[in-house]
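Counting along the sequence shown from 1, when you hit position 224 you're at 223 in numbering that gives the first Met the number 0, and nothing is skipped either side.
Each remark here refers to the structure printed beneath this line.
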Amino acid sequence: MRIAMVGAGYVGLVSGACFSDFGHHVICVDTDAQKIAALNKGEIPIHEPGLSELVTVNIKQGRLRFVSDMKSAVENAEVVFIAVGTPSRRGDGHADLSYVYAATREIAGFLPDGAVVVTKSTVPVGTGDEVERIIREEKPDGRFAVVSNPEFLREGAAIRDFKHPDRIVIGTDDLRARGVMGEVYRPLHINSSPILYTDRRTAELTKYAANAFLATKVAFINEIADLAEKVGANVQEVARGIGLDNRIGLKFLHAGPGYGGSCFPKDTLALIKTGQDNESPLRIVETVVAVNDQRKRAMARKVSVAFGGNIRGKTIAVLGVTFKPDTDDMRDAPSIPLITALQDMGAEVRIFDPVGMEQAKKVFVDVTFCDSAYDCATGAHALVIVTEWEQFRALDLQEMASIMASSVIVDLRNIYSPEEVKRNGFLYCGVGRPNAVAY
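Quick look at the structure:
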């Protein structure tokens, strides 16, 4: 099939590359001419395992192209995906749909008769109605359909998620559009990937509901972790104990410094605003957002506790600043409020991340950027593990002890056992485990 992907950001780039790998002919269009030129050379602007190879192969095979001209991308397309950003609108938390609507207006002028327009961007309920209205203004007698097809990709595992999805949600009441979308995803039938056909508004709400529920699990286990520390329980064993119940599940029950990234923060806020606008407040989700925001900055207190509540003049080494491993994404990363709080307390901060340093330089000021975990730890009074990169799971603790000014590890991801760390002479502080808080 001939597919146009409007937007060559994270979702558009991964989706376009994967669709082309299925055998479809895909043109990705983006207004950023420099990005397009780089992509046509196989240069990938984001860190996502396997994506560079996928793009390169499909460019060579002639199934994937990148352009900055909307007309050339859309005029012969059978399916046009809108995959542009929907960030939180400054000031009120609503999803900013200006990019979606601008793309729609531009698409409308070139849309061929019979094309299916698909919102891949995460959008509030009712957005598809407005997209259809905008196109109808341009083509009052045109034959087209507007479909909601939300993405469920995890950064760091996006290609596998796309090719082996838990589910594919397709929102439309148009039978012909259903058939077209079934053909788009036909290569996945061998994996028996379930396709859930719904109406458009249900599909739009499903995406927000999924992210809000996962965010709720994160916030819930983090509050249980706080209680576990107070009563001497082990939150990891609690999480396993409840997660083995198949009604609950083990995923997203890992205590830590709070959720971040490109989806959960903005999508929970947008869902809250949708509820408020429709006089149906989502009190649970509102609490989840408040708990998570408070938690990120509170993690700095775990560091100060190890020094009797005073870290003024101390040097703190922070390992991992991206919001999760296997990505360079810094959006709403827990490291940002943590490091800000450490600096507010008077500490000097050194940081290292395996792939996130260039993005970190755009975010942090008055910190020392280091070349390795050991460079970061040199002269530090405490080592704080914020992102659970594999590179941090087997540090030489004896060498760390020899290069640090004092032996304190604050493990916000519980990737080490307290016993192992203490055997190497460290004071240890974890999250929600016995003997995990250093006093």
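Cβ atoms here follow ideal geometry from the backbone N, Cα and C, with glycine treated the same way.
Checklist entry - Secondary structure at Y9, three-state DSSP: helix, strand or coil? => result Counting from 1 along the sequence shown, the entry for residue 9 is found at position 10. Reduced to three states, the DSSP call for Y9 is helix.
Item to check | Extent of the continuous beta strand (DSSP E) to which E387 belongs | outcome: On the sequence shown, position 388 is the one that residue 387 refers to. Run containing E387: none; DSSP gives neither H nor E here.
Next on the checklist: Is it buried or exposed, Q60, if we count other Cβ atoms within 10 angstroms and call 16 or more buried?
Outcome noted: As a position in the sequence shown, residue 60 is number 61, starting the count at 1. Q60 is exposed by the Cβ-count criterion.
Item to check | Beta-carbon contacts of R334 that lie in its chain and below 6 Å, excluding the five residues immediately before and after | outcome: Position 335 of the sequence shown, counted from the start, is the residue given in the question as residue 334. Per the sequence shown, residue 334 should be read as Ser rather than Arg. Result list for S334: V320, V385, in chain order.
Item to check | Every unbroken alpha helix (DSSP H) within the segment 237-313, with a cutoff of 4 residues, ordered by chain | outcome: 263-276, 282-304
Checklist entry - Measuring CA to CA, which of I241, H163, P433, D327 is closest to S192? => result Here the question's residue 192 lines up with position 193 in the sequence shown. Looking at the Cα atoms, H163 is the closest of the given residues.
Checklist entry - Any chance the segment 239-251 sits against the segment 281-290, with 3 or more Cβ pairs inside 8 Å? => result no
Next on the checklist: For S147, list the residues DSSP reports as bridge partners.
Outcome noted: Counting from 1 along the sequence shown, the entry for residue 147 is found at position 148. BP columns for S147 point to T118, G170.
Checklist entry - In this structure, does DSSP put A437 in helix, strand or coil? => result Your numbering for residue 437 matches position 438 in the sequence shown. Because A437 sits at a pLDDT of 41, beneath the cut-off of 50, its placement in the model cannot be relied upon, and the following sentence gives the value as read from the coordinates. It is coil, neither helix nor strand.
Checklist entry - How far does the alpha helix (DSSP H) with R104 in it reach, from first residue to last? => result Start at 1 with the first residue of the sequence shown, and residue 104 comes out as number 105. Counting along the chain, the alpha helix (DSSP H) containing R104 begins and ends at 97-107.
Checklist entry - Are L411 and V383 closer than 8 Å when you measure CB to CB? => result In the sequence shown, the residue the question calls residue 411 occupies position 412. In the sequence shown, the residue the question calls residue 383 occupies position 384. The answer is yes: Cβ separation under 8 Å.
Checklist entry - Is it the case that the Cβ atoms of A269 and A76 are separated by a distance below 8 Å? => result For the purposes of this step, residue 269 is taken as the residue at position 270 of the sequence shown. For the purposes of this step, residue 76 is taken as the residue at position 77 of the sequence shown. For A269 and A76, no; Cβs fall outside 8 Å.
Next on the checklist: Among G22, E347, V13, F21, whose alpha-carbon lies nearest the alpha-carbon of L38?
Outcome noted: Locating residue 38 in the sequence shown gives position 39, where the first residue counts as 1. Of G22, E347, V13, F21, the residue nearest in Cα terms is V13.
Next on the checklist: Check for me: the beta strand (DSSP E) holding C27 runs from which residue to which?
Outcome noted: The count along the sequence shown starts at 1 and reaches residue 27 at position 28. Element bounds for C27: 24-28.
Item to check | T367 in three-state terms, based on DSSP | outcome: On the sequence shown, residue 367 is found 368 positions in, with the first residue counted as 1. In this structure, T367 counts as strand in the three-state DSSP scheme.
Item to check | Whole-angstrom C-beta distance between M69 and V28, which should lie under 8 Å | outcome: For the purposes of this step, residue 28 is identified with residue 29 of the sequence shown, where counting begins at 1. For the purposes of this step, residue 69 is identified with residue 70 of the sequence shown, where counting begins at 1. Right, their Cβ atoms sit about 6 Å apart.
Next on the checklist: Does the segment 166-185 come into contact with the segment 215-224, if we say contact requires no fewer than three beta-carbon pairs (one atom in each stretch) closer than 8 Å?
Outcome noted: no
Item to check | First and last residue of the uninterrupted beta strand (DSSP E) at R64 | outcome: As a first step, residue 64 must be located in the sequence shown, where it is residue number 65. 63-66 is the span of the beta strand (DSSP E), which, as asked, contains R64.
Next on the checklist: Which residues does DSSP list as the beta-bridge partners of S87?
Outcome noted: Translated into positions along the sequence shown, residue 87 becomes position 88. Per DSSP, A94.
Checklist entry - Can you name the start and end residues of the beta strand (DSSP E) that E347 belongs to? => result Taking the sequence shown and counting its residues from 1, the one referred to as residue 347 is at position 348. Here the beta strand (DSSP E) through E347 covers 347-351.
Checklist entry - How many Å lie between V145 and T118 at the Cα? => result Within the sequence shown, the letter at position 146 stands for residue 145. Within the sequence shown, the letter at position 119 stands for residue 118. One C-alpha to the other measures close to 8 Å.
Next on the checklist: Here's a check: name, in chain order, each residue in its chain whose Cβ is nearer than 7 Å to the Cβ of A16, leaving out the five neighbours to either side.
Outcome noted: Taking the first residue of the sequence shown as position 1, residue 16 is located at position 17. Here the set comprises L50, L53, V54, N57, L63.
Checklist entry - Quick one: what does DSSP say F425 is sitting in, helix, strand or coil? => result Your numbering for residue 425 matches position 426 in the sequence shown. DSSP places F425 in coil when its eight states are reduced to three.
Checklist entry - Looking at the unbroken alpha helix (DSSP H) that takes in F161, where does it start and where does it end? => result Reading the sequence shown from its first residue, position 162 is the one you call residue 161. It spans 157-162 - the alpha helix (DSSP H) in which F161 sits, taken as one unbroken run.
Checklist entry - Cα separation between I133 and R175? => result Locating residue 133 in the sequence shown gives position 134, counting from the first residue. Locating residue 175 in the sequence shown gives position 176, counting from the first residue. Approximately 21 Å between the Cα atoms of the pair.
Next on the checklist: Please classify L394 as buried or exposed, where buried requires at least 16 other C-beta atoms within 10 Å of its C-beta.
Outcome noted: Start at 1 with the first residue of the sequence shown, and residue 394 comes out as number 395. So L394 ends up on the buried side.
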